[in-house]
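Enquirer: Same order as they appear, the protein sequences are chains A and B. Taking full-length UniProt numbering, I'd label the letters of the first sequence as residues 1 to 499. Taking full-length UniProt numbering, I'd label the letters of the second sequence as residues 1 to 479. Ideal Cβ positions, reconstructed from N, Cα and C, are used throughout, including at glycine. Structure below; questions to follow.
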Amino acid sequence: MILIWLIGLLMGGGLLAFLVGQWNKTLPRWISLYTLIIGFIALISFWVEHYAAINIGSTDSWMIDFQQDWIPSFGISFHLAIDGLSLLLLMLTFFLGILAVLCSWKEITEHLGFYHFNLLWILAGISGVFMAMDLFLFYFFWEIMLIPMYFLIGIWGSKNREYAAYKFFIFTQVSGLLMFISILALYFIHAQNTGRYTFNYFELLGTVIAPQTAFWLMMGFMIAFAVKLPVVPFHSWLPDAHSEAPTAGSLILAGLLLKTGAYGILRFVLPLFPEIAKTYAPCAMLLGVIGIIYGAILAFSQTDLKRLIAYTSVSHMGFVILGIFAFNELAFQGVVMQLLTHAISTGALFIMAGMLKERLHTREIDEMGGLWFQMPKMGAIAVLFAMASLGLPGLGNFVAEFLILLGAFKSNMWLTVLATIGLIFSAIYSLRMIQKVFHGPIPASAPFSDFSWREVFIMAVLTISIIWLGLYPQPIINTARPMIKQMEQLFPTEFKNQP
Amino acid sequence: MIANDLSALMPLLLLAGSAVLIMLLIAIKFNHRSIQISSLLLFVISFLSIFQLQKPLPYFIEPLFVIDDFSIFMIGLIIFSSLVVNIISYLYFEGKEESPKEYYVLLFLCTLGGCVLAVSNHFISLFLGLEVLTVGLYALIAYFRARHHNIEAGIKYLILAAFSSAFLLFGMALMYFQLGTMNFSAMTGKLGTISSLPPLFLTGFGLMLIGIGFKLAVVPFHMWTADVYQGAPTPVTSFIATVSKGGVFAVLIRFFIAIDGFRFHALMVVFVVIAIASMVIGNLLALQQKNVKRLLAYSSIAHLGYLLVAFIPGNAMSIPAVSFYLAVYFVTTLTAFGILTILSSKENDMENINNFKALFWDHPVLACIFSTALLSLAGIPLTAGFIGKFYILASGLQTGFWVLALVLILSSVYGLYYYLRIINTLFSGQQNPASQEKTVRPVFYLISSIVLSFLTLLILWIGIYPSGLMQLIEHFQIR
């Protein structure tokens, strides 16, 4: 019941913020902040409550399940359920949601009610995606998160916002509709086999599909998730959307929207089409490696701070693809870690880019420099997160990328070797970013203020989390373990025996 | 027996009677407001009379009509749309240069034509219904006879509709020549044993398709659409987009089921080509439109293409999907045109896309309604359009029409661009402090807004909880 309650909370909070926004110019902020805090506390207490049960190692990876008929004539039900992975991503959703509200506190002054309506509805859509266990419902939420995101970029974005908003929307919509065709095809194939018309995930899992058809169906799903993730040939919407979106928008895009792609692959592509996934795993891993290196090179050559950070996302998400298609426990653990740590480290970088833009009114790296002297606090934190993003031991990203490389090494040595080069590249672009922004000559301009108490709070929370994830990731790995175990059972051990 | 016939035809008789009654009221010089209100009442009465129809159905009135569940559903839809058109018309016509009163007479006649189409079971009643509808529309489209756009649209429609009627008649004649009957039910028997179509019948059907295609505005018979949509008064445009197309589609469905056309490969190929062309070309042409009425005209071409995707497979899901999508399309189109009507001023129609700038900040309620309607046309979840598209895709894919489904998906994706463009315009720009001026007719403005809000809630309700409408449609089926 907590699941439907969470979505209702977000949607209701959004509506309330919208209505109140017509009369009051500050209240919507507080409404969305409290909405998210309530949801976050509820999730944390749920986690603490169930944590003991997870550690016992029960065979059933599902913690809670809610099912209600929705459109019975088509076998569509309102079916929500979560396992460890969903729970972690849900907590991440609410966590980043709170930060998104906080970091847009000063930045957004116009049409506040509608802004917070969009923000909360994006989060509602994302939460729905992480919970839905009915393929129709999943697609429903998948689409719901798009429209508010489109508005968020298109209305509150920076100069080139309309182009970026269109591009984002059309990329994701095309791929989403291809997935929808695949879902429908799966539905009819399942009905032909068994005579039962249903979109229920658990019933569709065992559907027997001819390999030729299965390949096309998998491609439908895969393209949708690859666009979101993004995997390299499908990434071109990402730098535009990230750089034009307001800070909270970039934070949610990088921290959450990209994660829905990875979640989709883990939840749907691998369990529904294990055989095909196994056949094409080397291709997917190759794309991942290309993404790692290509993203890093492009990140190095950017002059726009937000675009630079956006391309680092492409690079980091390459690790996710690499890890997912390595099909072993270590790599899966690494993927789960990477999803969380990337959200935090890249989110922090985007927030700082937003803060710089508030002060300097530019995103051009060439116009920055020497900021350390005026903003030592921000400089220190920026170095910390740049280090996190290049994978310094002791911070969360190191654990994630190390586990992924360790796992991937077992299944494909040469690609892993290539991927490792990405770590060197990431050091190069991160250091270049720090060098250009915080060191070097000081441009002649008015002094800037360092962090305010609100910004200190945001950064403190993020710093604590990334260090915690780097030093003691065990609770996260424990939470995701039952789910990872199940994934591993789909792919028997032949990979482990390879040299 | 004759009494039963009369009671079965009660909605149609009421509509015909209302036209006469309103004419009399005009003769004794009632003012616009009382004419409007009395016609509204008469529409409501006609609508309610549908619920009084006696069972058991289907009820045949040989040889012309058949009253069955499906025709009741279509009549209900048609009268409901006319009712909405009637309500939003007052604001639009009040204060315009022409006397608006005769407009209501014509509206009744056109509605009657649409309803006759929905119950016709015979070529003669088909043609009669079509002509009652079309002739009424000639006058409605050119209602503001001093404005050159209206005249242009009226003449265009007149010439093309007359031509298409000629094609239709010739086609009917050929089919009659081949089969020796004009009654749909009788045709079922005559064609029952044949597996390939006789050439004359095929020719006749082709000619008939030209006539029908013109009325439905599917590619390649779509040339008139944009001009007529733009030129006609906005409430009339919404009437053309809904009632006129819905009635014709209903008769097409009935005829096709009667001759079981789904088994003839040649016919289906023609339909597939038309459907693909309509979806692709309709959406393409809409992309660059600056005029919202023209844009909606092209989008309606594409929507008729979508409808054909559900219709072509001819499986158990087809007709419910078509009915569902028609209902959704009616509600959505009425809402969109309703907003255009409300926002139109005395001199100019609200049609240029630039006039919509910052509408969201000036009139948030109207802008929300308009966005919802556009999103529903684009088929975005939470709106009825999404469920409608899902239904259509399900119907197409069930019988394995992959190509149609893919074309639908791809064309609706680039079609999305122009809906988004309008929505973008609604949100762009700054609030205009001068725009808070008082509306001229506050009462009718309020009533129209309430009706449109109701339609919007309907769109959202169907989008979130479609089971209700699905069950209703399941009940009102051709059997």
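Using 10 angstroms around the beta-carbon of Pro499 (chain A), count the other beta-carbons present and answer buried if the total reaches 16, otherwise exposed.
Expert: Here residue 499 (chain A) corresponds to residue number 499 of the first sequence, with the count starting at 1. Its pLDDT being 42, under 50, Pro499 (chain A) is placed unreliably in this model, and the coordinates cannot settle the point.
Enquirer: So, does the region 31-51 of chain A touch the region 145-158 of chain A, judging by three or more C-beta pairs under 8 Å?
Expert: These segments do not touch.
Enquirer: Closest Cβ-Cβ distance between Lys496 (chain A) and chain B: below 8 Å?
Expert: For the purposes of this step, residue 496 (chain A) is taken as residue 496 along the first sequence, with counting starting at 1. Only weak support is given to the placement of Lys496 (chain A): the predicted model assigns it a pLDDT of 47, under 50, and the question is left unresolved by the model.
Enquirer: Counting only Cβ pairs nearer than 7 Å, list the residues of chain D close to Glu143 (chain A).
Expert: Included in the structure are the protein chains A and B, with no chain D among them.
Enquirer: Short of 7 Å in beta carbon distance, which residues of its chain neighbour Ile434 (chain A), apart from the five on each side in sequence? Order them along the chain.
Expert: As a first step, residue 434 (chain A) is located in the first sequence; it is residue number 434 there, counting from the start. Result list for Ile434 (chain A): Ala382, Val383, Ala386, in chain order.
Enquirer: Would Tyr166 (chain A) pass as a contact of Leu308 (chain A) if the rule is Cβ separation under 8 Å?
Expert: Working through the first sequence from its first residue, we reach residue 166 (chain A) at position 166. Working through the first sequence from its first residue, we reach residue 308 (chain A) at position 308. Contact: no.
Enquirer: Below 6 Å CB to CB, which residues in the same chain sit around Pro100 (chain B) once its five sequence neighbours on both sides are set aside?
Expert: One-based indexing of the second sequence puts residue 100 (chain B) at position 100. Here the set comprises His32, Phe93.
Enquirer: Using a cut-off of 9 Å between C-beta atoms, extract the partners of Gly154 (chain A) located in chain B.
Expert: Taking the first sequence and counting its residues from 1, one reaches residue 154 (chain A) at position 154. Here the neighbours are Leu420, Ile423, Asn424, Phe427, Ser428.
Enquirer: Three or more beta-carbon pairs under 8 Å between the region 390-406 of chain A and the region 352-366 of chain A, yes or no?
Expert: They do not touch, by the three-pair rule.
Enquirer: Which partner residues does His316 (chain A) have in the DSSP bridge list?
Expert: Position 316 of the first sequence holds residue 316 (chain A). Note: His316 (chain A) sits in no beta bridge, so no partner.
Enquirer: Excluding five sequence neighbours on each side, which residues of the same chain lie with their C-beta closer than 8 Å to the C-beta of Asn497 (chain A)?
Expert: Along the first sequence, read from residue 1 onward, the residue named residue 497 (chain A) stands at position 497. In this prediction, Asn497 (chain A) scores a pLDDT of 45, lower than 50, which makes its location untrustworthy; the coordinate-derived value is nonetheless stated afterwards. Here the set comprises nothing.
Enquirer: DSSP beta-bridge partners for Asp65 (chain A)?
Expert: As a first step, residue 65 (chain A) is located in the first sequence; it is residue number 65 there, counting from the start. Asp65 (chain A) pairs with A:Ala81.
Enquirer: Are Phe144 (chain B) and Pro235 (chain B) close, meaning C-beta to C-beta below 8 Å?
Expert: Taking the second sequence and counting its residues from 1, the one referred to as residue 144 (chain B) is at position 144. Taking the second sequence and counting its residues from 1, the one referred to as residue 235 (chain B) is at position 235. No, the pair does not count as a contact, with Cβ atoms beyond the cut-off.
Enquirer: Mind checking whether Gly247 (chain B) and Ala118 (chain B) have CB atoms under 8 Å apart?
Expert: Locating residue 247 (chain B) in the second sequence gives position 247, counting from the first residue. Locating residue 118 (chain B) in the second sequence gives position 118, counting from the first residue. Against a cut-off of 8 Å, the Cβ pair of Ala118 (chain B) and Gly247 (chain B) comes out as a contact.
Enquirer: Give a yes or no on whether the C-beta atoms belonging to Ile450 (chain B) and Ala384 (chain B) are separated by under 8 Å.
Expert: Numbered from its first residue, the second sequence carries residue 450 (chain B) at position 450. Numbered from its first residue, the second sequence carries residue 384 (chain B) at position 384. No, Cβ-Cβ distance for Ile450 (chain B) and Ala384 (chain B) is not below 8 Å.
Enquirer: Determine whether the Cβ of Pro499 (chain A) lies closer than 8 Å to any Cβ atom of chain B.
Expert: On the first sequence, position 499 is the one that residue 499 (chain A) refers to. Because the pLDDT at Pro499 (chain A) is just 42, under 50, the model does not fix this residue reliably, and the value given afterwards should be weighed accordingly. False, the Cβ-Cβ gap to chain B never drops below 8 Å.
Enquirer: Considering only C-alpha positions, which residue in the set B:Ile151, B:Asn348, B:Ser82, B:Phe401 is nearest to Ala275 (chain B)?
Expert: Here the question's residue 275 (chain B) lines up with position 275 in the second sequence. Minimum Cα distance to Ala275 (chain B) is reached at B:Phe401.
Enquirer: Below 8 Å between beta carbons: does that hold for Ala299 (chain A) and Gly407 (chain A)?
Expert: One-based indexing of the first sequence puts residue 299 (chain A) at position 299. One-based indexing of the first sequence puts residue 407 (chain A) at position 407. Not closer than 8 Å, so no.
Enquirer: Quick one: using the 10 Å Cβ neighbour count with 16 as the cut-off for buried, is Val20 (chain B) buried or exposed?
Expert: Here residue 20 (chain B) is taken as the residue at index 20 of the second sequence, counted from 1. Val20 (chain B) comes out exposed.
Enquirer: List, in chain order, every chain B residue whose beta-carbon is nearer than 9 Å to that of Glu107 (chain A).
Expert: Within the first sequence, the letter at position 107 stands for residue 107 (chain A). Ordered by position in chain B, no residue passes the 9 Å Cβ test against Glu107 (chain A), which lies about 18 Å from the chain.
Enquirer: So, does the CB of residue 488 (chain B) fall closer than 8 Å to a CB anywhere in chain A?
Expert: With chain B running from 1 to 479 in the structure shown, residue 488 (chain B) is simply not present.
Enquirer: Could you say which of B:Ala226, B:Val218, B:Gly314 lies nearest to Asp260 (chain B) if we only look at CA atoms?
Expert: Numbered from 1 along the second sequence, position 260 holds the residue referred to as residue 260 (chain B). Checked all of B:Ala226, B:Val218, B:Gly314; the closest Cα to Asp260 (chain B) is B:Gly314.
Enquirer: Is DSSP giving Tyr59 (chain B) helix, strand or coil here?
Expert: Your numbering for residue 59 (chain B) matches position 59 in the second sequence. The answer is strand: DSSP assigns Tyr59 (chain B) an E or B state.
Enquirer: Measure the beta-carbon distance from Ser46 (chain B) to Leu15 (chain B) and round it to whole angstroms, keeping in mind my assumption that it falls under 8 Å.
Expert: Here residue 46 (chain B) corresponds to residue number 46 of the second sequence, with the count starting at 1. Here residue 15 (chain B) corresponds to residue number 15 of the second sequence, with the count starting at 1. Contact flag correct, Cβ pair sits at about 5 Å.
Enquirer: Using a cut-off of 9 Å between C-beta atoms, extract the partners of Ile170 (chain A) located in chain B.
Expert: The residue you call residue 170 (chain A) lines up with position 170 of the first sequence. The answer, in chain order, is Val413, Tyr414, Leu416, Tyr417, Leu420.
Enquirer: Using alpha carbons as the reference points, say which of A:Leu418, A:Met11, A:Ala17 lies closest to His111 (chain A).
Expert: The residue you call residue 111 (chain A) lines up with position 111 of the first sequence. The residue with the shortest Cα to Cα distance from His111 (chain A) is A:Ala17.
Enquirer: Can you list the residues of chain B that Leu119 (chain A) reaches, using a CB-CB cut of under 7 Å?
Expert: Position 119 of the first sequence holds residue 119 (chain A). The premise fails here: Leu119 (chain A) is roughly 16 Å from chain B at the closest Cβ pair, so nothing lies under 7 Å.
Enquirer: Quick one: which chain B residues come within Cβ less than 8 Å of Leu135 (chain A)?
Expert: Translated into the one-based positions of the first sequence, residue 135 (chain A) becomes position 135. The contacting residues do not exist; Leu135 (chain A) stays about 12 Å from chain B at best.
Enquirer: My assumption, with CB atoms under 8 Å, is that Phe330 (chain B) sits in contact with Leu77 (chain B). Please give the rounded CB distance.
Expert: As a position in the second sequence, residue 330 (chain B) is number 330, starting the count at 1. As a position in the second sequence, residue 77 (chain B) is number 77, starting the count at 1. Confirmed, about 6 Å.
Enquirer: Say whether chain A places a C-beta atom closer than 8 Å to the C-beta of Gln398 (chain B).
Expert: Locating residue 398 (chain B) in the second sequence gives position 398, counting from the first residue. Interface residue, yes.
Enquirer: Go ahead and pull the three-state DSSP assignment for Asn497 (chain A).
Expert: In the first sequence, counting from the first residue as 1, residue 497 (chain A) sits at position 497. With a pLDDT of 45 at Asn497 (chain A), under the threshold of 50, the modelled position of this residue cannot be trusted, and the question is left open.
Enquirer: When you compare each of B:Asn86, B:Gly204, B:Ile26 to Leu452 (chain B) by their alpha carbons, which one comes out closest?
Expert: Here residue 452 (chain B) refers to the residue found at position 452 of the second sequence. Minimum Cα distance to Leu452 (chain B) is reached at B:Asn86.
Enquirer: With H, G and I counted as helix, E and B as strand and the rest as coil, what does DSSP make of Phe324 (chain B)?
Expert: On the second sequence, residue 324 (chain B) is found 324 positions in, with the first residue counted as 1. Correct three-state label for Phe324 (chain B): helix.
Enquirer: If we define contact as Cβ-Cβ less than 8 Å, is Gln173 (chain A) a contact residue for chain B?
Expert: Residue 173 (chain A) sits at position 173 when you count from the first residue of the first sequence. Closer than 8 Å: yes.
Enquirer: At which residues does the alpha helix (DSSP H) containing Ile67 (chain B) begin and terminate?
Expert: If you number the second sequence from 1, residue 67 (chain B) lands on position 67. Here Ile67 (chain B) belongs to no alpha helix (DSSP H); instead the beta strand (DSSP E) covers 65-67.
Enquirer: Specify the secondary structure class of Ala19 (chain B) as computed by DSSP and reduced to three states.
Expert: Indexing the second sequence from 1 puts residue 19 (chain B) at position 19. The answer is helix: DSSP assigns Ala19 (chain B) an H, G or I state.
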